[in-house]
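Structure, as structure tokens:
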Amino acid sequence: MFSSLAERLSKSLRNIINKGRLTEDNIKDTIREVRKALLEADVTLSVVKKFIINVKKKAIGHEINKSFTPGQEFIKIVRNELILSMGDQDNDLNLSTQPPAIILIIGLQGAGKTTTVAKIAKWIQNKYKKKILITSTDVYRAAAIKQLEILSSQININFYLSNINQKPINITKEAIQHAKLKFYDILLIDTAGRLHIDEKMMNEIQEIQNFSNPIETLLVVDSMMGQDAINMATNFNKYLSISGIILTKTDSDSRSGIALSMRYITGKSIKFIGTGEKITNLEIFHPERMADKILG
Ligand code: GDP
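For the sequence shown, the working numbering gives the first residue as 8, with consecutive numbering after it.
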């Protein structure tokens, strides 16, 4: 069992107690601890490097307040930098548009996309009491459409039924038409998840995005995915205009570094985290809570 980052930082700074000021020299070991701990938390190397530069800038020359130890002071700097790097505020959904507000959900297969569509629908229904419609454009797996249809009925939200013989773009057009006719406030569109990113998949989602002009395009990322998530997010971000990220399976992820990496790599806010398999296991992302989880 690793000791927490906070403990490790305090320990490595014990020798500079009472020296009054953080210097390049006296924080050397501590910086090494931060680097090690972030890598162990699965933060990608390029992100760790940038993060360390920022922490150093803020720490060096920093006067130690008499009521704090250097350890406490340094942890405060690291914590603030973590919060700032992951987004300094909580991020709700943007739904302010002419109805139906379209929310497009994208991501790789197995990331928890389908479950997350239902979770978001339920979350919006609970919070905003809106009239919501869900549809699936995943024509590659009949089971995917069925799965979302069942989930929708479990949470009492209407589902616009598509079938695997349709083109995803045509399902999109029909579902939007239907949503307009029936005065839905929100239309959630699930897209096909593949095991790997390929040109065809990206073109297909691009076409859906261009046509539907979603107010939110949310990338669902499995927080257990480790370093592969970096390439995946970079690619999605290159082809599509992403408005936010949802990190799933944070309940089973003991290494929280992906939140930091995702934000640095895509520049987009993390809006929600999935905290379990149940429909209600979705929470707004709070950067300060994630910072505390990383600090341990
Ligand atoms: P999709 O292929 O991306 O549509 O993924 P699914 O929605 O089918 O989810 C894949 C698996 O991940 C299912 O067993 C879900 O119950 C599970 N899952 C999704 N989100 C979470 C989460 O936040 N926590 C946990 N523990 N499991 C999740």
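Backbone N, C-alpha and C fix where the C-beta goes; we use that ideal spot for every residue, glycine too.
Please report the straight-line C-alpha distance between I240 and S74, rounded to a whole angstrom. The residue asked about is misnamed: residue 240 is Ala in this sequence, not Ile. Their backbone Cα atoms lie some 43 Å apart in a straight line.
Please identify the residue among T144, M209 and P294 whose C-alpha is closest to the C-alpha of S268. P294
Any heavy atom of the ligand GDP closer than 6 Å to the beta-carbon of S259? yes
Of the residues F279, E214 and T51, the one placed nearest S248, counting alpha carbons only: E214
Bridge partner(s) assigned by DSSP for D197: Beta-bridge partners of D197 (DSSP): I112 and S143.
Where do the ends of the alpha helix (DSSP H) carrying E31 lie? Careful: E31 lies outside any alpha helix (DSSP H) and carries neither H nor E.
Cβ separation of L155 and T121, assumed to be a contact under 8 Å, to the nearest whole Å: 5 Å
Nearest by alpha-carbon distance to L102: which of A151, Y246 and Q132 is it? Q132
State the start and end residues of the unbroken beta strand (DSSP E) segment that holds K153. That residue, K153, is in no beta strand (DSSP E); its alpha helix (DSSP H) goes A149 to Q161.
Measuring CB to CB, does I196 end up less than 7 Å from N242? No; because the gap between Cβ atoms is not below 7 Å, this pair is not in contact.
Could you give the residue range of the beta strand (DSSP E) that holds T179? Note, T179: premise wrong, no beta strand (DSSP E); alpha helix (DSSP H) at P175 to L188.
So, under 8 Å CB-CB, I252 and L225 are touching, yes? Tell me the CB distance rounded to an integer number of Å. 7 Å
Sorry if obvious, but does the Cβ on A44 come closer than 6 Å to a heavy atom of the ligand HEM? The ligand HEM is not part of this structure, which contains only the ligand GDP.
Distance cut-off 6 Å: A118 Cβ against heavy atoms of the ligand GDP: yes
Are the segment 105-122 and the segment 181-188 in contact at 8 Å, needing three or more beta carbon pairs? At 8 Å Cβ cutoff, the stretches touch.
Cβ neighbour criterion (16 or more within 10 Å) applied to I141: buried
Distance, Cα to Cα, G94 vs R86? 12 Å
Just curious, the alpha helix (DSSP H) that E212 is in, first and last residue? In the sequence as presented, Glu is not what sits at residue 212; that position holds Ile. First-last of the alpha helix (DSSP H) with I212: E206 to S219.
Assign K129 to one of three DSSP states: helix, strand, or coil. helix
Here's the rule: buried if 16 or more other CB atoms are within 10 angstroms of the residue's CB, otherwise exposed. What is D235? exposed
I need the DSSP call for D322, collapsed to helix, strand or coil. Because the chain in this structure spans residues 8 to 303, residue 322 falls outside the shown range and cannot be described.
Reducing DSSP to helix, strand and coil, say where V227 ends up. strand
Here's the rule: buried if 16 or more other CB atoms are within 10 angstroms of the residue's CB, otherwise exposed. What is G274? exposed
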